[in-house]
Structure formats: structure tokens, C-alpha cells
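Here is the structure we will look at, set down as C-alpha cells.
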Amino acid sequence: MSPSKIAVDEALTRKVATLARLELSDSEVSTFTAQLEKILGYVESIQELEVQGVEPLLSPLAAKTAFREDEILPALAGREGQPKVLEAAGEIIDGGYKVPPVL
Amino acid sequence: MTQTLRTIREVHDAFDQKRLSPMELTREYLRAIGASRHNAFLTVCEERALGQAKVAEALLAREGRVPRERLPLLGVPLAIKDNLVIDSIRTTCASRILENYVPPYTATCVARLEAAGAVTLGKTSLDEFAMGGSNENSAFGPVLHPTHPDRVPGGSSGGSATAVGAGLCVAALGSDTGGSIRLPASYCGVVGVKPTYGGVSRYGLVAFASSLDQVGPMANSVEDAALLLEVMGGHDPRDSTSAVAAATPARDALGEPDWRGLRIGVPEEFFVEGLAPEVERATRAALSWFEKEGAKLVPVRLPHAKHSVAVYYLIAVSEASSNLARFDGVRYGTRPSGEERDLAAFYRKARAGFGAEVKRRIILGTFALSSGYAEAYYRRACQVRRLIKDDFDRAFEKVDLIAGPVSPGTAFKLGEKLTDPLRMYLNDIFTIPANLAGLPALSVPNGKDAHGLPIGLQLLAPQFGEARLLGAAHAFEKGRA
Amino acid sequence: MHPEFEAVIGLEVHAQLSTQSKIFCGCRARLADGTSVADAAVNSNTCPVCAGHPGALPVLNRRVVEYALRAGLATNCRIRTTNVFARKNYFYPDLPKGYQLSQYEEPICEGGYLDVAVSETETKRVRLQRIHMEEDAGKSVHFPGYSLVNLNRAGVPLIEIVSAPDLSTPAEAGAYLRSLHAIVTALGICDGNMQEGNFRCDANVSVRPRGARELGTRTEIKNVNSFRFVEKAIEYEIARQIQLVKGGGKVVQETRTYDSDRNLTLSMRSKEEAEDYRYFPDPDLLPVLLEEAWIEEIRRGLPELPEQKKARFIRDFGIAPADAAILVGSRELADFCEATIAELSRSGMEPRAAGKPAANWLVGELRRLANEQGLEVSQSCLTPGHLADVVRLTQEQVISGQGAKTVIAEAWRTGETIASIVDAQGLRQVSDTGALVPAIDKVIAANPKQVAEFKAGKEKLLGFFVGQVMKETGGKANPALVGDLVRKRLK
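Written as C-alpha cells, this is what we have:
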């Protein structure tokens, strides 16, 4: 693929925004599209490098993942015994996080 | 008083000599923060700070003097960047989306500092989610430079840099993904250290780019930075990317370096067009100082360093686009107020709380990972990242440290680069390579320019080479004073 | 089987691993009684990690890796000694981080196979493409106008076992699924309760003209929760696709759901709406590196697998192949059978003599009772000791076959000893010659015509006499003994 042929247009910006669940105003779409084009133009330089056979570096730490042992840790209790993680939630009904109808 | 007590050593000496008590010191800092117009703090946790100071005071009364080995931070007032969570203290990441988020747990690094006796004064401002280099991207207004209020303090740890530089705390924590500790440290004339990737636990650091983020200290002296690093560093079983190998206790390395054995690499790629003449002069002068002390200067090449900004922006935004997916308004964070009829609308409303720079990066990152483009952007960037790291590995076969500027210029004016994201990104050109390669790097004050704006000197070391890095910086700091 | 079309079926099985804690945090993976954590108080089993709070990080549970390795080694997979967790990015309220941690390009196991008995005599080799580790999502409960999200299940460890499209009939798919189920339960890595969602199956189904090489467009049937429904769903889907293709239509690549009440599959979403998952290696988890020594240790510690056990049951216990297949299909039935045989061996019975009757009772009566009451055999009061006593008493003709069934039902319910049940219900067969002679004499006296015919050689009438004596003794006589006595009497 030759990414230099990527047409950065407003449709692309809108498509990506939808994937990311972001709502953009028309003016944001036009600003972002221009900026995206400029930034992609800048990063174009790496396309010319010879990288065949180069293993991607995903973490600078040359190590393997550590394991934890299979042990249960007690939950964090918050006020009135309700789980502490729930205290930050906007709306809880019967212990569940309320969201719009999912189906 | 606080203006004269700039370091931990000075604070502890004052405690030992009963010139000042932990409660008095904490109250004085809280007063200074209250009177400051720098907008450095987003949350001041007075209650927590006074509680901790009280405990410190009681301990001190019992012990007679500071037990520096056991509680090396006893009664020392610190500021914490607001992307590190503290149980029951609001954490905003300078974002509207987390305006009222009160986390249920504490970051490992903060917990370790507090366990060593530290007093947490409050949470400092940053570019939203640590995305930015000027601290202008905070949803709660820009932070002002400690001495030049028309200038930026640098970012993203601008609040912490200003807090340290303006005497609003003894030391602070920042985080550095592409230079976010070193750049504001250099702009504000303080010491800032980005440790080796994996050196300090990321548990409790709200992620921007997981493979690049590191927590590090910002302080008025290299010695203080080393102490903070020593207290909070080391393996954390809650962070899979936290290194098991323990770094050398940093303070042990602060004696006089063995200058004759020291080889300092000077990459030609760090002296390029666009580097402000005054910054270049200061950097060359620092190099000469090292040479005069007996170190050997060795030209090194980092041929792929010029791709750093491109590689960094692709990788950082890709990881960020995924890391920021959890902000959906369901479990925490700003929540759409109306009765949203469907999920898509709910998400759009909840995520409207992100600022422009964050949105821009999420979009770029989502694009770089998306089907059809991931190979050419995300994956290729990771390949070039390896080439950049290989350059450093080769350079460090010949040298012990690498030296260069932190930033092409000094603190710029508020608003100066806001409209051009790419220009802002290019400001990170000298700091980004250390993040890509996971290297420890720091900024130590290196004089001022004609406006009186601080210039920073950057030193880099091989992974887990903090001891030598801090030792050289400490000697430089003393020798140039 | 359709004369013109053939089906191509591949199955994706999600097996919840029966670890103590979740895959990346210390919350519970299952409740103490083995039921799903989803049933605990809503969101009580969550923490900053599995609820996806900012700054929280995953740390991999060693036992999850061990269990995935057991599954891979038991199914002849290659083990990737470097395997990688990736992020599968999509938005859904029950997915707290906005991505699922799963394995994508570099799963822990690849390229295995399973030899599945598709009939009494035939075995089919079904290839496995991969087995990978991943985290389960939470659950949403729906109400008019809103839904509630419960994250108790989020982060429960799963392995996904993906077969090659090697299956061609619903029955084969069912046999494969049962075989896989037997393996994961025998390995002790999965509770295997399909109703609880421990063992879930998605089926990929396509059809093509018989003999064609190219695959047809496939549909995916999601989350069918019983073996029988999987077979029925596939059967329906094959018929639907054939009808569609024959009518000149085209199969649409889509996800479908099975409605068991109406026995049909329904479209959920088509491929066009499919998400772009933007997989990339999770930077919070470094690669999983496995040491050969550990893999070998796990390999050595593997328990006997169902197929091996079946062969041993046939060889050592003389159990019929069909019965052996049923027994090894359930770890608890197989264990029950072995324990019964062990009891009988202790009292001097040869395993080969003990095996057959023990298996018969288990496969027949005990399974019938279990089905009838919706219980597992182990949930009843009946023990292997009880069954051994039943086998022994039947063998010794102390109780009749009919009596044995009564005894079993009672022991199943109450757990009383077999001897006390036999006595209490008066089920002991009369095997005392002295006690039977009067009854036999009475029957002979009352049936002179039949006596004459028998003496003349009409052997078949023996059954008539035995029946009459049984009637006379109220069914308690030992029929074999009665037969012998009648024969002697009339010689």
C-alpha cells in the first residue's frame, strides 16, 4: 500500500470520529481534516525507510510479563458497605450502572 | 521562609534544629498556594496535608530528629500531578470529562512517598490527559510560568514545574511520555527526571501512552530528585511493566564522578537547524565544562532520531485512542444529563467532554490503528522505533552518557504555538527519543537566556543507568552554581 | 443429508476457566459453590482493575496460563512459547475499558486436533485452529427504557477454542462439542455448566454444492446454551441456507441468534455494520514467555483424558463401548463408576465382572433418575458404596432386578443403607428351598394339565410355573431358584 495516496478528506475524519465515538462539529471536522492531512504529511518520512524484517518494538522493556498467583483479594468497601468502585458512578440503580437501552 | 527552604535537606535541617515544625511548614505552603496566581494547582488537599503534617510532627517530637533513613520524606510537602490518583482526592487530568472524579485507590508511587512521611499538598495542573507541551491545554486554564507570567511553563507537567519553581512545594511528581517532565523542568529552571521505562510503577497513573509513560520527580536539586526516585521506584507487583531489576540506590551515586573514565556522547542530530543560538551556546558551554572536569566528549550518531517525532506521534496517539476509550460516562466521569435514548448518543455526549487536542489525538490514533492503515502507520512506526532504540544501543557501546539540549528554545509566549499542533509537536524533538527507547533522562538547569528564561541541559543514560546519570547531573549542578 | 448440498461447520467454544480469581485482578472468578459470579450482589465483585478505572493495570493470573496450556496439550496443539495479549477495541457498556484483552495474532496454542467418535465405529479427526486466553465481559440487564450493567463477570478468564471448518453435520458438531466438553471438565479447568454460561458455543455455518471446493458465505450463530440446541440451530441454519441458495438467493454474512422456543435462527447484525476492532498488542502486558520445563511439567501432570479412559473402561472393566462413551462424557459419572468398581473389587469381585453391571446401572437407572429430577448423580444421596451393594445383592440373587430399582430410588432419596432398605421394604428374595417347596407343590397340584405337557417335553412351560410361584410368593421368590426346583420336582 502506498499511504501517500491516502485521501485525507472530511469523510475520513467523520468515519474515524464515529469509530472513536466522538461527535465533531462541522468546523471541527474541517479543522481536524486539515491538521490530520498536515500531520500525516509530516509522518510520511517513515514510509521511505527500509524496515523489512525489523521486529516492531512494542515496549522498551526487554522483559516478559510477570504473573500473579491465583489469589482472591478482598474488594474495596466504600460507604455503607457498597463497593467503593461504585461511588464514582453517575447513576446506579440496584447496584447496576444505568445506561440507555442496550438492545 | 519557604523561599529559603528549597530542598529536602534544608527542610530536615530546619526540623532537626527546631527552627520550624512540619505543621508550620505545611501551613506556610498552603498559604503560599492560596496566594499564588500561577494556577498551578487544580486541587489543594488541605485536610490530607495537615493530617499528614500532624503525624509527622508527632513522630518528630518522639524521635527528636528526622529519622532520615527510615522516613526520608518526613514532613516534606509535595505536589502531585493530577493524572496520578489518590484515594478520595479528586483527580481530573485537567479534563472536563473527569471534573468530578474521585478515585477509589492510590497510585503506588504516591503511596510510597506518603509512606516515607511525605505531605501531599495537592494536585497540579497539566495539559489535558498529559497531551501537550505548554500547559495551555488544561480545561481549567493555562498555568503561568513561575517568573514570566506571559510565558508558558512548558508541559505537560507544567503545574508541577511551576509549583516547584515558584516555591509552592519542595518537590513534585510529574509524568513524561514525550518530554512532559524534562521540558517544563527546563522552562522553569528546575530539575526533572524521567526514569528508565519500568523504573517507577505506573499503577495509578492515568495512561496516555502506556509504552512511553513514566512517572518522575521534579525538584530544586538533583539530590532531592534522586531521593524521590529512590523512595518511589522499584518493582510493583500491580504493574506488569514494572522492572524486577532494582536500580542502584540513586543517592549512593551522588559523590564525585570518576570523570576520567566518563565518556559523554554528543549526537550531531541534537544540534540542528532550529535550535536557538542561546540554547546551543549554553549546551556547548556545559559540554566544555564536562570536558574540563576530565570527561571525554565523543561524537555519536543517532541516524534515525530525525524520525522520532513522527514515530512518537503515531505510537502515542494509537495507544491513547485505546486508553481513552474507557471514558464513556458509565462508571465515572461526566455523564450526559438528559435521558439519552440510545447508546450512540450517550457516548457522543459523554465523550464531548474531551478538549480539542485530546480529540485530535484520539482521531489520529484511531486512524493509525484502523483496518487498512495500521500496517503503514502503527506497525511501521513500531519498526522504526526499534531502529531508533538500536541507534542508542550502538551509541552506548561507546559512551556512558549522552548530552544535548532539552528543547530547541526557552519558554515561549502563551498562545504562540496554539494554532499549529505540528509546530508544538516538533518542540519535543530532543526529549522524545528517550521515551521511545525507554532510557532514563533528565533536565538540569543550565543558565538563562537574554530574557532571563531558564535553559535546561539534557543528559541521557542507558536503561537503569540512573546512578551515573544523577551523579553527573549532581556534579554539574554543584560545579556550575 | 441433502443430496445436492453439503454443510461446512466450524465451532468457537468459550470455556470459562475455574480459577479462584479473575484473569487480571484479585476479584473472584467463581463463587464458592461453583455458580457464576454474575449471581453475586450486583457489582460487588469488582475493583479498579476489572471496572476499568483510570490508572488501573492488569497483571496476568498464572493459573489461567496453566489451564490454557492444559487445554492445548490435551488437544495436541503446538504451544507458542512467546504469546501476546492484544486489545480488541470496541465500545459496549459491559466492556469497561473500551477494549477486551484477548489474544489475536499470537495465541498461546495453535494447530491441534481432536479425534471425535461420530458413531459407534467411526472416529473423525477435527482440527483445532487455535486456543487463546481472554477476559469475559460483564452483563447487562434490560428494563423498559434503560439497561443496568453488572461487571461481576468482567475479567473472568476464558479460553476460546476455535475448530477448523471440519464438521459437516449437526450430529458431528454435537459429538465434537460433547467431546470437547468432556475434555475440559476432565482436565479440571472448566466447570462445564452450559446453563451458567461456563461453556458457550458459537457456530459458523455455510453450505455449498456437494463436491465444490470453494466455501459458501457463512453465518455465525451466537451463544447457544445446550448441546441439543446447538445441533438444532445448525440443522435449521443449514436448511435455511440451502433453501435460500436453491431459490436463487444469496446467504448474507451475518451474526444470527437461535430462538429455541420457535426453533429458528434470527439475524442479529450484518457484516457491513461490523466494527473495526483495531487490534494491537497490549502495551500494559509484556509478552507471555513460557519455559519448556513448565510446559513439560504441565504435560506430565495431565489427567487421563476421556478417550483414554474410555479405552481403559472397555479393556479393564469389560464395559460396552456405547456405555463407556457415555460414562467418560461426564467426569462425575466416570468417577462414580470407578469408585463403584473399586468397592466391589475390595469385596473380592473381579473388575471385569463388576464393570458391566455397575455401568449398566449408571447409564440406565441412575442417569434416568438424574434427568428426571434435574440433578447430577453426585447431588443425590446415593454413593458408590450403595451401588456396589446393589450390584452385589443382585448378583447374589438376594434381590431381583425390580427390587434393585426400588432400592436405588430409595437410597437416592434418603441415603439409607441398602441392607436396611431391603429389609424395611421386604425386598429380600426367598432363596430358601424349604420355604419355596410348599408354594411349588401348591402350583403343581393346581395345574395338572400343564404338568403333563411339561413332562411330555414342552419346556417352554417352565416360565409359566415360575410365574405362578412368583405370584404365590408375592414376587419375593428368587426366580432362578424356583426354575431349578420346578425342574427337579417334575423330573
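Protein chains in written order, with this note's numbering: chain A, 1 to 103; chain B, 1001 to 1481; chain C, 2001 to 2491.
We put the beta carbon where it would ideally sit given N, CA and C, even for glycine.
Distance from the CA of C/E2304 to the CA of A/E55, rounded to the nearest whole angstrom, comes to 41 Å. Within the segment 2276–2294 of chain C, those residues whose Cβ lies closer than 7 Å to any Cβ of chain B are, in chain order, D2276, R2278, F2280, P2283, D2284, L2285 and L2286.
With fewer than 16 other beta carbons inside 10 angstroms of its own, B/P1277 counts as exposed.
The C-alpha of C/Y2092 is placed about 30 Å away from the C-alpha of C/V2184. Inclusion of C/L2382 and C/I2408 in the CB contact set at 9 Å is warranted, their separation being smaller than that value.
Under the DSSP assignment, B/M1232 falls in the alpha helix (DSSP H) whose first and last residues are V1222 to M1232. C/K2232 and C/A2173 have their C-alpha atoms spaced approximately 10 Å apart.
Boundaries of the beta strand (DSSP E) around C/E2006: F2005 to Q2016. Among the CB atoms of chain C, none fall inside 9 Å of the CB of B/S1180. Ranked by how close their Cα comes to the Cα of C/A2293, the residues C/T2081, C/L2031, C/V2064 and C/R2028 have C/T2081 in first place. For C/G2197, no beta strand (DSSP E) run applies, since DSSP gives it neither H nor E. Nearest to B/A1172 by C-alpha distance, out of B/G1178, B/S1160, B/I1181 and B/A1166, is B/S1160.
Counting C-beta pairs with one atom in each stretch, the segment 1145–1158 of chain B and the segment 1384–1404 of chain B have fewer than three that are closer than 8 Å, which means they do not touch.
For C/V2059, the residues of chain A that pass the 9 Å Cβ criterion are T65, A66, F67 and R68, in the order they occur in the chain. Beta-carbon to beta-carbon, C/H2132 and C/P2170 are separated by about 26 Å, too far to satisfy the 8 Å threshold. C/H2132 is outside the set of residues whose beta carbon lies under 9 Å from a beta carbon in chain A. Neighbourhood of B/A1437 in chain A, by CB distance below 9 Å: L57 and P60, in chain order. Within the same chain, Cβ atoms closer than 6 Å to the Cβ of A/L76 are found at K84, the five residues on either side in sequence being excluded.
When the Cα atoms are used, C/Q2103 and C/F2085 turn out to be separated by approximately 5 Å.
Beta-bridge partners of B/G1456 (DSSP): B/P1445. Approximately 5 Å separates the beta-carbon atoms of B/Q1458 and B/G1404; this is inside 8 Å, confirming the contact. Chain A places a beta carbon closer than 9 Å to that of B/E1340, counting this residue as a contact. Rounded to the nearest angstrom, the Cβ distance from B/V1309 to B/L1426 is 6 Å, consistent with a contact under 8 Å.
With respect to chain C, the C-beta atom of A/G53 has no partner C-beta closer than 9 Å. Between the alpha carbons of B/Q1052 and C/T2019 lies a distance of about 40 Å. Per the coordinates, the alpha-carbon of B/I1363 lies some 39 Å from the alpha-carbon of C/E2214. Proximity to B/F1396 across B/H1012, B/P1299, B/T1091 and B/V1110 peaks at B/P1299, based on C-alpha coordinates. Counting C-beta atoms within 10 angstroms of its own C-beta, B/H1451 has fewer than 16 neighbours from the protein chains shown and is therefore classed as exposed. Interface with chain B (9 Å Cβ-Cβ cutoff): A/S30 is excluded.
For C/S2345, the uninterrupted alpha helix (DSSP H) segment begins and ends at R2331 to R2346. C/Q2425 counts as exposed, since fewer than 16 other C-beta atoms from the protein chains shown sit within 10 angstroms of its C-beta.
Rounded to whole angstroms, B/A1350 and B/N1137 show a C-alpha spacing of 19 Å. When rounded, the separation of the alpha-carbon atoms in B/S1186 and B/S1371 is 40 Å.
CA-to-CA, the gap between B/T1026 and C/V2059 works out to about 37 Å. Shown here, A/Y97 sits in a strand according to DSSP, grouped into three states. The beta carbons of B/R1090 and C/A2051 sit no closer together than 9 Å.
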